[in-house]
Amino acid sequence: RHSVCLFIGTLKAGGAERVTVWLASELHRRGHDVVVLTHSAPDADFFTLPDGINRETVGFDEGRDTLPGKLLVNIRRCLQVRRVLRRHRVTAMVAMMPHESVMAVVSSFGRRMRVVVSERNAPWHREQDKIWTALRRIVYRFSDAQVAQTQPIADWMRRETGSRSVAIIPNAVQPSLPSGPPVVRPQSFIRPGRKLLLAVGTKPYQKGFDLLIAAFAQIANDYPEWDLAIPGLLPSRQEQGISGQDILDTAARSGLTERVFLPGHLGNMPDWYAAADVFVLSSRFEGFPNVLVEAMGAGKACVAFTCDTGPEEIIQHNVDGFLVRDHTVDSLAASLDKVMRSTELRSRLAAAAPGVMQRYAPDTVLNAWCRVLGLPEEQKTR
C-alpha cells in the first residue's frame with residue numbers, strides 16, 4: 331500500500347479539480363492512502379471528497395505584492411508542503427497545476443518519493459508570472475515524470491522545459507457521472523417542448539462564450555424553438571475583460587433574454603446532458619475538455635472549435651461530432667445551423683458519440699496514472 335499526495339490550488343468548480351477528485355477517489359478505492367493538498371480551505375470546495383481521504387491545506391498568505399514578500403510566502407508554503415509529505419509518509423505525489431508542480435518538486439527535494447508534474451491546459455495560452463515561468467522551465471526536468479493531456483502539450487513540455495519523461499494521459503470518461511448538490515433542474519429554465527443548445531464552463535474568455543452568444547444571435551430567429559443554457563458561468567465571473575454579465579447583456583441586445591440562461595454552479599450535470607439536443611464547445615483554447623467527452627459519453631451531438639489541442643484529438647469530424655476549423659463567429663454559426671437544422675445529422679452524430687467511452691475508459695486512464703506514479707496497476711479494492 332502506498333501513500334499518495336495530490337496537490338492542486340483549490341477544489342472549486344473546474345475540470346482539473348474534478349479530475350483530481352476522481353483520481354483521489356480511484357486510488358483510494360484501489361487501497362492506497364490518499365491525501366489531497368490545496369491552498370484553499372475546505373469551506374471553499376465545490377467538490378466533495380469521499381470518506382477516508384485525508385485533506386490538508388497550506389493556505390494563502392499575505393505579503394504577495396512585493397518580490398521579497400512573494401519569496402517569503404512561497405518558502406513558507408514549501409515548508410508546509412514538506413511537513414505534509416513527512417506527516418503522511420508520502421511515497422508518490424502528483425501536482426495538477428504549474429505553480430503546484432514547481433512547489434512539489436522543490437518541497438520534495440531530498441525525500442525518497444516519486445514526484446509527477448502535470449499541465450492541465452494549453453500552456454502557451456496562459457499568462458504566467460515571469461518568475462514562475464522561469465522556474466517551470468528549470469524545475470520540471472527534475473521531476474520523475476511529466477503528464478500532458480495531448481500530444482501538442484507533450485511536445486511543448488519537452489521543448490520548453492527540458493522534460494524527458496513525458497506521458498500523455500487524457501481524462502477519463504466515467505460511465506455514470508456523479509450527481510449531487512446543488513441540484514438545478516433543466517425544467518426550471520427550459521420550458522416543455524423547447525430544444526436545448528448546451529454549453530458548460532466557468533471561464534467566459536477561454537470558453538469563448540462571447541463568440542457563442544454572437545453565433546447564437548445570428549441564427550436564433552431561424553430556430554425560435556431553441557434555447558441556450560450555460561451551466562457553470564456566473565454573471566460576476568470576469569476573465570480577460572469578458573464577464574458572464576456581458577453574455578447576458580449581449581443576449582438582451584439581441585432580444586434573447588428569455589432564451590439564454592446561466593443556471594450557475596450545479597452538481598447534477600447528468601440531468602443537463604440528458605436534456606440537451608446539441609452540445610457546443612466554443613473554446614478559444616483547451617487542454618483536454620472534460621465537458622466535451624462527457625457530452626459525447628451521454629450520447630449528444632457535439633459541435634466544437636478545433637482549438638490548438640483537445641477537440642481534434644477527441645472528435646472524428648462528421649462521424650461522432652462536428653469540428654469547426656475556422657475560429658470565427660460566422661463559422662460557428664454556420665456549423666450550429668447545419669447541426670440544429672438536421673434531425674438526421676444530430677441522430678447520426680449522437681449515435682456514434684458514446685464510442686468515446688472506449689477510448690477513454692476509467693480503468694485505462696487510472697492504470698496510466700499508476701504507471702507514472704510507480705504504483706501497481708492492480709491493487710486491492712476497498
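Add 330 to the 1-based position in the sequence shown for the working numbering, that's all there is to it. Note that beta-carbon positions come from the ideal geometry of N, C-alpha and C, so glycine has one too.
CA-to-CA distance, residue j to residue i, given in whole angstroms
i	j	result
phenylalanine 618	proline 554	33 Å
isoleucine 483	proline 380	31 Å
aspartate 650	cysteine 632	8 Å
threonine 532	arginine 441	37 Å
isoleucine 499	glycine 585	43 Å
valine 403	serine 448	23 Å
threonine 463	phenylalanine 472	15 Å
proline 593	proline 561	5 Å
methionine 626	glycine 399	46 Å
alanine 475	alanine 663	42 Å
alanine 698	glycine 704	10 Å
glutamate 642	arginine 524	30 Å
Residue span of the beta strand (DSSP E) that contains residue i, given as start and end
i	result
glutamate 386	384-387
phenylalanine 609	608-611
lysine 630	Taken as a continuous stretch (DSSP letters only), lysine 630 belongs to no beta strand (DSSP E), as it is neither H nor E.
aspartate 557	556-559
leucine 526	525-528
aspartate 363	363-368
For residue i, the three-state DSSP class (helix, strand or coil)
i	result
serine 573	strand
serine 665	helix
isoleucine 498	strand
phenylalanine 337	strand
lysine 400	helix
arginine 444	strand
methionine 426	coil
leucine 653	strand
histidine 455	helix
glutamine 548	helix
Cβ of residue i within 9 Å of any chain D Cβ
i	result
tryptophan 556	No chain D is present in this structure, which holds just one protein chain.
Where the alpha helix (DSSP H) through residue i begins and ends
i	result
serine 476	Rather than serine, the amino acid found at residue 476 in this sequence is glutamine. Run containing glutamine 476: none in the alpha helix (DSSP H); it sits in the beta strand (DSSP E), 475-478.
serine 677	673-682
threonine 694	692-703
proline 593	Note, proline 593: premise wrong, no alpha helix (DSSP H); not H, not E.
Contact belief for residue i with residue j at Cβ below 8 Å, rounded distance in angstroms
i	j	result
histidine 358	histidine 332	Their Cβ separation, rounded to whole angstroms, is 11 Å, which puts histidine 358 and histidine 332 out of contact at 8 Å.
glutamate 430	phenylalanine 539	Not confirmed; about 27 Å, so no contact.
arginine 456	glutamate 490	That pair is no contact at about 12 Å.
leucine 596	proline 508	The Cβ separation is near 12 Å, so there is no contact.
arginine 407	valine 432	That pair is no contact at about 11 Å.
valine 659	alanine 634	The pair is not a contact, with the Cβ atoms about 15 Å apart (cut-off 8 Å).
Which residues DSSP lists as bridging residue i, in chain order
i	result
cysteine 637	Per DSSP, none; premise fails for cysteine 637.
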